[in-house]
Amino acid sequence: DWHNRTFEVQRIVQGNLQKTSTVTLPCLYILETTSYCMSKCTMTSGRDIHGYETRARDNYQTGRYKTVVYEHLPSQAGVRFINRLPDSLKNSPTPKALK
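All you need for the numbering used here is the position in the sequence shown, starting with 1, plus 1.
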């Protein structure tokens, strides 16, 4: 069955990537964008904007722009990636904790 062979190949490739400590291109983009944003971007959290006890108060805010082009900048993507990290990594003082 084609479907089962596809999953088998995925497991083999994933095992080989883990053995050689190789990172795929999407993972490398996420890692580099997040570490760049943690070290060089000025980030504003919801706590800095208002004093309300909201669910996303501790999340960092993305910039507000009029065009969609700015939403796809690495600095904006980095903020979205950081917001999805666990609090222990999100609040680390250096981006080296990611590596």
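Beta carbons: idealized from backbone N, C-alpha and C, even for Gly.
Return helix, strand or coil for residue i, following the three-state DSSP convention.
i: S22; result: coil
i: T45; result: strand
i: A57; result: coil
i: T68; result: coil
i: P75; result: helix
i: G16; result: helix
i: N5; result: helix
i: L86; result: coil
i: M36; result: It should be pointed out that residue 36 corresponds to Ser in this sequence rather than to Met. S36: helix per DSSP, three-state reduction.
Suppose you measure from the CA of residue i to the CA of residue j; what does that come to, to the nearest Å?
i: R48; j: D59; result: 6 Å
i: V10; j: L18; result: 12 Å
i: K67; j: H4; result: 44 Å
i: R6; j: N92; result: 42 Å
i: I1; j: P87; result: Residue 1 lies beyond the stretch modelled for the chain, which goes from 2 to 100, so this question has no answer here.
i: T55; j: I31; result: 27 Å
i: V69; j: D2; result: 42 Å
i: I50; j: A57; result: 12 Å
Compute the beta-carbon to beta-carbon distance between residue i and residue j, rounded to the nearest angstrom, for a pair I have assumed lies under 8 Å.
i: T34; j: A78; result: 5 Å
i: Q62; j: S46; result: 7 Å
i: Y53; j: G64; result: About 21 Å; that fails the 8 Å criterion.
For residue i, which residues does DSSP report across the bridge?
i: Q62; result: T45
* Inter-stretch contact (C-beta, 8 Å, three-pair minimum) for the stretch 81 to 90 and the stretch 27 to 45 -> yes
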